[in-house]
Amino acid sequence: MSSKAEILQKIKNSQPSGLAELPNLKVLGSEQFDVLEMYKTVLRNIGGNPKEVADYNEVIAYIKSNYPLEKRIITTVPELSEIAVLDWTNDDPHSLQNVELTIIKAHFGVAENSALWVTDDILGQRVAPFITQYLAIIVNKKDLIPTMHQAYDRIGNQEYGFGTFIAGPSKTADIEQSLVLGAHGARGLVVFLMD
Amino acid sequence: MSSKKIIEHSEAATRFNKDVERVNWHDETLWFVREKRDKSANQIQDWELLRETASQIKNNVLANMHDYLSDFEANAQKNGIIVHWAADAKEHNEIVHSILQKHDVKQMVKSKSMLTEECHLNDYLADKGIEVIDSDLGEYIVQLRKEPPSHIVLPAIHLKKEDVSETFHEHLGTEKGNFDPQYLTESARRQLRDTFLTRKAALTGVNFAIAETGEFVVCTNEGNADMGAHLADVHIACMGFEKLIPKREHLGVFLRLLARSATGQPITTFSSHFKKPRDGKEIHVVIVDNGRSTQLGRPDFRNSLKCIRCGACMNTCPVYRRSGGHSYHNAVAGPIGSILAPNLDMSKNADLPFASTLCGSCTNVCPVKIDIHDQLYKWRQVLVKEGHTPTSKTIAMKTMATVLANPTVFNLAGKSGRFVMKNMPGLVNNKMNKWYDQREMPEVPEESFREWYKKNSRESKAKKDE
């Protein structure tokens, strides 16, 4: 017998009999709060920087005054071509190792934990939000939702090869529980909350 | 660790407790994490409902494991993921090795996977001439020190920044005496960046595998799992089969609970859903049994397979906090480790269910409501029955049972005990007597309660009769 057949047979013999029905998830996620305010508060608490903007011009102005434009800045957002390059999505992912700032869009944001949902169709490359020194993500204010339950309602049966929730900059507290931002991924995260 | 002689938990704990200042620090550090968990949990109005829901989902998984596993495999294959099955640690290691061999890989980067610790994968691959670098900062630190992780979420929690500084000075050439965590983390970041960029294969663990979609989720704060996986040609993800959950929407429940229970964060920085490999690249999933199907067949202990590895039971455990993760001589330490380990090897891990006060704090914080302290108690019964406890303990217990069952013997034992403690205290207050360790023996009463009662009940009777 192959290991697969053997394992499955053992499991079949061992697993408890009787009904153990799946619980109703609809009763969860009814928390009431101001999603924008909650989003900003939580993001600040985990080391991220929320920035309310009216349009892409404000994003461009903020990038210009806060990041070194002479370094490599990449994006998947055509409106930002003035400050960032767009033609990197078919490159060898290793070639992104010198990227200073990656600017991408998120499908939506979750207020309770400030997580932003991104999938490979809007990432350009899977490694892009990780390998960069700094990360900026744009999300529409109307796409902020309260909890993870609404998040998965919204994802539904969405098709993707890779998707991730990003909440704040990469961090570690592995040395004596001292929080350090910028473990292996981005050292800083600014989230543009767009009208 | 498997080849070394095991030092029992109580002995290891005694050694750990010799440095009082350090033990206090360890205790306080973990309690601080527990407090962060409380603060975070208290902000969620439905916290208890979430725990109950998670528990019910996991009960459903245990009852339908066979079908969910089959679904997961079929759906993962549809997504282009290659699925392997390993009956035990040896087969798991062989599968990983064969994948690496096929791609002619001599160096691999690995993010956190307690399963590979359980299987001793690093040692196995080292013997085959393959170098593995652990990329989680805590795991990287303990790997450089040739130690196992002491905690499933906080692998280097037993170390102080001075220790890390020494280790990095020796291995990475950082400044001697620079203890700044920022500086030390930055040094590791630079070193490991080169590792990520040059490895053709990356191994990660799995937090959740979804039967409905054939995808799996890996949670990290550092981004190390993603850095490895998205830069490598081959991504190997290893999971115990209990990591399954039925549907994608169930992630909403588990991702709300996991990080809050673990460190008090609202969610880990990255919760990455791997569904399909990149074009021309490979994702392999290795599904491992290694005793889990046996545990599933033990009605008293199968609930331990509901565990989502948050580590909350360790942070809250008064014994773990004061004995350290290494004293459990098992990949998973603390209360949950102590109910998982005897299933893997009863005689080797017979001491672990006794490394508890049965206070029940672990059960109270468990996000999937595992009855951890009840299981610790039940394991003790099993271990004694099967003859896995030390002979001295068995004799002592049997003697005690005889004494307690026979009033005449009990009286006599009490009398002689009081006589000895009063007149020959050295016979009791010595190193041979385990009860005397860190305890003072009580002062000897003049008479036993039984004697006192006999006398007084007669007196009160006499009074009433007056």
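Protein sequences appear in the order of chains H and F.
To convert, note that position 154 of the first sequence is 154 in this note's numbering; the numbers rise steadily by one, no gaps.
To convert, note that position 229 of the second sequence is 1229 in this note's numbering; the numbers rise steadily by one, no gaps.
For every residue, glycine included, the Cβ atom is placed at its ideal position computed from N, Cα and C.
How many Å lie between glutamate 82 of chain H and isoleucine 60 of chain H at the Cα? Looking up residue 82 of chain H in the first sequence gives position 82. Looking up residue 60 of chain H in the first sequence gives position 60. Roughly 8 Å between the two C-alpha positions.
Any chance the segment 1308 to 1319 of chain F sits against the segment 24 to 43 of chain H, with 3 or more Cβ pairs inside 8 Å? no
Taking Cβ-Cβ distances shorter than 7 Å, what residues in chain F pair up with lysine 40 of chain H? Within the first sequence, residue 40 of chain H is the residue found at index 40, counting from 1. Near lysine 40 of chain H there are no residues of chain F at all, since even the closest Cβ is about 13 Å away, more than 7 Å.
Please report the distance separating the alpha-carbon of serine 1002 of chain F from that of alanine 1333 of chain F. Residue numbering aside, residue 1002 of chain F sits at position 2 when the second sequence is read from its first letter. Residue numbering aside, residue 1333 of chain F sits at position 333 when the second sequence is read from its first letter. Bear in mind that a pLDDT of 44 at serine 1002 of chain F, under 50, signals an unreliable position, so the model cannot answer this.
Which class does phenylalanine 1241 of chain F belong to by DSSP, given the choice of helix, strand or coil? As a working mapping, residue 1241 of chain F is identified with position 241 in the second sequence. In this structure, phenylalanine 1241 of chain F counts as helix in the three-state DSSP scheme.
Please classify phenylalanine 1241 of chain F as buried or exposed, where buried requires at least 16 neighbouring CB atoms within 10 angstroms. Mapped onto the second sequence, residue 1241 of chain F falls at position 241. The residue is buried, with at least 16 neighbouring Cβ atoms inside 10 Å.
Alpha helix (DSSP H) containing isoleucine 138 of chain H: first to last residue? For the purposes of this step, residue 138 of chain H is taken as the residue at position 138 of the first sequence. Isoleucine 138 of chain H -> not in any alpha helix (DSSP H); beta strand (DSSP E) instead, spanning 134 to 140.
With a threshold of 8 Å, are at least 3 pairs of Cβ atoms found where one atom belongs to the segment 1371 to 1382 of chain F and the other to the segment 1291 to 1302 of chain F? Under the 8 Å Cβ criterion, the segment 1371 to 1382 of chain F counts as touching the segment 1291 to 1302 of chain F, having at least three qualifying pairs.
Take alanine 1232 of chain F as the anchor and find which of F:Pro1277, F:Pro1318, F:Glu1139 and F:Ala1054 has the nearest alpha-carbon. Along the second sequence, one-based indexing puts residue 1232 of chain F at 232. The shortest Cα separation from alanine 1232 of chain F among F:Pro1277, F:Pro1318, F:Glu1139 and F:Ala1054 belongs to F:Pro1277.
Secondary structure of glycine 1337 of chain F, DSSP reduced to three states: Taking the first residue of the second sequence as position 1, residue 1337 of chain F is located at position 337. The answer is helix: DSSP assigns glycine 1337 of chain F an H, G or I state.
Only counting the same chain, and skipping five residues up and downstream in sequence, which positions put a Cβ closer than 7 Å to that of histidine 1026 of chain F? Here residue 1026 of chain F is taken as the residue at index 26 of the second sequence, counted from 1. Counting only Cβ-Cβ distances below 7 Å, and skipping sequence neighbours, we find His1158, Arg1321 and Gly1324.
Check whether the Cβ atoms of phenylalanine 1072 of chain F and glycine 1280 of chain F sit closer than 8 Å, and answer yes or no. Counting from one through the second sequence, the residue named residue 1072 of chain F turns up at place 72. Counting from one through the second sequence, the residue named residue 1280 of chain F turns up at place 280. The answer is no: Cβ separation not under 8 Å.
Any chance you could list the beta strand (DSSP E) runs of at least 3 consecutive residues sitting entirely within the segment 1096 to 1134 of chain F, in chain order? Whole beta strand (DSSP E) segments, 3+ residues: 1107 to 1110 and 1131 to 1134.
Taking the continuous alpha helix (DSSP H) assigned at glycine 1228 of chain F, which residues delimit it? Working through the second sequence from its first residue, we reach residue 1228 of chain F at position 228. 1224 to 1231 is the extent of the alpha helix (DSSP H) around glycine 1228 of chain F.
Beta-carbon proximity check, asparagine 1221 of chain F vs alanine 183 of chain H, cutoff 8 Å: Position 221 of the second sequence, counted from the start, is the residue given in the question as residue 1221 of chain F. Position 183 of the first sequence, counted from the start, is the residue given in the question as residue 183 of chain H. Their beta carbons are under 8 Å apart, which means asparagine 1221 of chain F touches alanine 183 of chain H by this criterion.
Output, in chain order, the set of chain F residues within a Cβ distance shorter than 9 Å of leucine 22 of chain H. In the first sequence, the residue the question calls residue 22 of chain H occupies position 22. Neighbours of leucine 22 of chain H on chain F, chain order: Gln1056, Ile1057, Asn1060, Pro1246, Lys1247 and His1250.
Let's test the definition: count the other Cβ atoms within 10 Å of the Cβ of tyrosine 1453 of chain F and tell me whether it reaches 16, buried, or not, exposed. Position 453 of the second sequence, counting from 1, holds the residue named residue 1453 of chain F. Tyrosine 1453 of chain F sits exposed, since fewer than 16 C-beta atoms from the chains shown fall within 10 Å of its C-beta.
Kindly indicate which residue of H:Thr89, H:Leu22, H:Ala186 and H:Ala167 has the alpha-carbon position closest to the one of leucine 122 of chain H. If you number the first sequence from 1, residue 122 of chain H lands on position 122. The sequence given here places isoleucine at residue 122 of chain H; leucine does not occur at that position. Here the closest residue by C-alpha is H:Thr89.
How do the segment 98 to 106 of chain H and the segment 1186 to 1194 of chain F stand: do at least 3 beta-carbon pairs fall below 8 Å, yes or no? no
CB valine 139 of chain H to CB methionine 194 of chain H, shorter than 8 Å? For the purposes of this step, residue 139 of chain H is taken as the residue at position 139 of the first sequence. For the purposes of this step, residue 194 of chain H is taken as the residue at position 194 of the first sequence. Result yes, Cβ atoms of valine 139 of chain H and methionine 194 of chain H sit closer than 8 Å.
Contact the segment 154 to 166 of chain H vs the segment 1147 to 1167 of chain F: 3+ CB pairs below 8 Å: Taking a contact to require three or more Cβ pairs closer than 8 Å, the segment 154 to 166 of chain H and the segment 1147 to 1167 of chain F do not qualify as touching.
Pair every Cβ in the segment 1312 to 1319 of chain F with every Cβ in the segment 1357 to 1366 of chain F, then say whether three or more of these pairs are closer than 8 Å. yes
Select from H:Val53, H:Pro23, H:Asp34 and H:Gln9 the residue whose C-alpha is nearest the C-alpha of proline 146 of chain H. Within the first sequence, the letter at position 146 stands for residue 146 of chain H. It is H:Asp34 whose Cα lies nearest to the Cα of proline 146 of chain H.
Is aspartate 174 of chain H buried or exposed, if buried means 16 or more other CB atoms sit within 10 Å of its CB? Locating residue 174 of chain H in the first sequence gives position 174, counting from the first residue. When all chains shown are included, aspartate 174 of chain H counts as buried.
Taking only the alpha-carbon atoms, compute the straight-line gap between leucine 36 of chain H and glycine 1264 of chain F and give it to the nearest angstrom. In the first sequence, residue 36 of chain H corresponds to position 36, counting from 1. In the second sequence, residue 1264 of chain F corresponds to position 264, counting from 1. Taking the straight line joining both Cα atoms gives about 22 Å.
Measuring only the C-alpha atoms, how far is valine 1409 of chain F from phenylalanine 1449 of chain F? Taking the second sequence and counting its residues from 1, the one referred to as residue 1409 of chain F is at position 409. Taking the second sequence and counting its residues from 1, the one referred to as residue 1449 of chain F is at position 449. Roughly 16 Å between the two C-alpha positions.
Is the Cβ-Cβ distance between alanine 1225 of chain F and serine 1111 of chain F less than 8 Å? By 1-based counting over the second sequence, the position of residue 1225 of chain F is 225. By 1-based counting over the second sequence, the position of residue 1111 of chain F is 111. It is a contact, given that the beta carbons lie within the stated cut-off.
Would the segment 10 to 17 of chain H and the segment 1040 to 1052 of chain F be scored as touching if the rule is three or more Cβ pairs under 8 Å? Not touching, per the Cβ criterion.
Kindly indicate if chain H contains any beta-carbon less than 8 Å away from that of aspartate 1233 of chain F. Counting from one through the second sequence, the residue named residue 1233 of chain F turns up at place 233. So, not an interface residue.
Would you mind sorting glutamate 1249 of chain F into buried or exposed? The rule is 16 or more other CB atoms within 10 Å of its CB. Looking up residue 1249 of chain F in the second sequence gives position 249. It is buried - the Cβ of glutamate 1249 of chain F has at least 16 other Cβ atoms within 10 Å.
Partners in chain H for leucine 1376 of chain F, counting only beta-carbon separations shorter than 8 Å: If you number the second sequence from 1, residue 1376 of chain F lands on position 376. Simply none; closest approach about 21 Å.
Output the boundary residues of the beta strand (DSSP E) element that contains valine 1083 of chain F. On the second sequence, position 83 is the one that residue 1083 of chain F refers to. It spans 1082 to 1086 - the beta strand (DSSP E) in which valine 1083 of chain F sits, taken as one unbroken run.
Please state whether the Cβ-Cβ distance between asparagine 1207 of chain F and lysine 1243 of chain F is less than 8 Å. Here residue 1207 of chain F is taken as the residue at index 207 of the second sequence, counted from 1. Here residue 1243 of chain F is taken as the residue at index 243 of the second sequence, counted from 1. Cβ atoms of asparagine 1207 of chain F and lysine 1243 of chain F: closer than 8 Å.
Quick one: measure Cβ to Cβ for valine 1234 of chain F and alanine 1259 of chain F, integer angstroms, because I've assumed they're closer than 8 Å. Within the second sequence, numbered from 1, the residue matching residue 1234 of chain F stands at position 234. Within the second sequence, numbered from 1, the residue matching residue 1259 of chain F stands at position 259. The C-beta separation of valine 1234 of chain F from alanine 1259 of chain F comes to about 28 Å, leaving the pair out of contact by the 8 Å criterion.
Can you give me the Cβ contacts of glycine 1080 of chain F inside the same chain, cut-off strictly under 6 Å, excluding the 5 residues immediately before and after it? In the second sequence, residue 1080 of chain F corresponds to position 80, counting from 1. Cβ neighbours of glycine 1080 of chain F beyond the five flanking positions: Lys1276 and Pro1277.
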